[in-house]
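See structure below.
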Amino acid sequence: MTRPGDRLKRAERLMGVQEAMRRLAERDLAEARARVLALEAERAALLTALGGAAQAALPLEAAARRLRSLAAQATEARGHAEAREAALREAGLAECRAGAQVERHAREHRRAQERREILDRLDAITARGNASLP
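The sequence shown begins at 865 in the numbering used here and counts up one residue at a time.
Laid out in structure tokens, this is it:
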């Protein structure tokens, strides 16, 4: 049978793993969002160039192909960002569950310690009482 202290240590390790997974999910989401913003900025710059004085220098067919490519990449990047958001939510929920488990095991560990202390006191009282009896 596992002791409350062992379960608490395992739960604390799990909590650490869940925290690390959440931090990784946050980083992945930030990278995905940055990718979407970069693609949208590139698209906006190309549209600005097409609408400005540089229009004569840009072949329209090449610009149209690049705009379609940027739109497809941005759509894919948004989908990836949405998946990262879902992963981050799941990691957050898993971390919350791990935290609740740590708290539950910590309470159980404290109760077990209190029981041991009470039993030790009772044993000490009993031992003193038996020593004074004839």
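C-beta atoms are modelled at their ideal positions from N, C-alpha and C, and glycine is treated no differently.
{"query": "So which of LEU986, ARG974 and LEU983 has the shortest CA-CA distance to ASP870?", "result": "ARG974"}
{"query": "Can you give me the C-alpha to C-alpha distance between ALA926 and ALA894, rounded to a whole angstrom?", "result": "31 Å"}
{"query": "What does the alpha-carbon distance come out to for the pair VAL900 and ARG891?", "result": "14 Å"}
{"query": "Taking just the CA atoms, how far does VAL966 sit from ARG942?", "result": "36 Å"}
{"query": "Can you check which of these residues, ALA950, MET879, ARG886 and ARG979, is closest to ALA962 by C-alpha distance?", "result": "MET879"}
{"query": "If you drop the 5 nearest sequence neighbours on each side, which residues of the same chain put their C-beta closer than 7 Å to that of GLU904?", "result": "ALA938"}
{"query": "Whose C-beta lies closer than 7 Å to the C-beta of GLU876 among residues of the same chain, with five residues either side of it excluded?", "result": "VAL966"}
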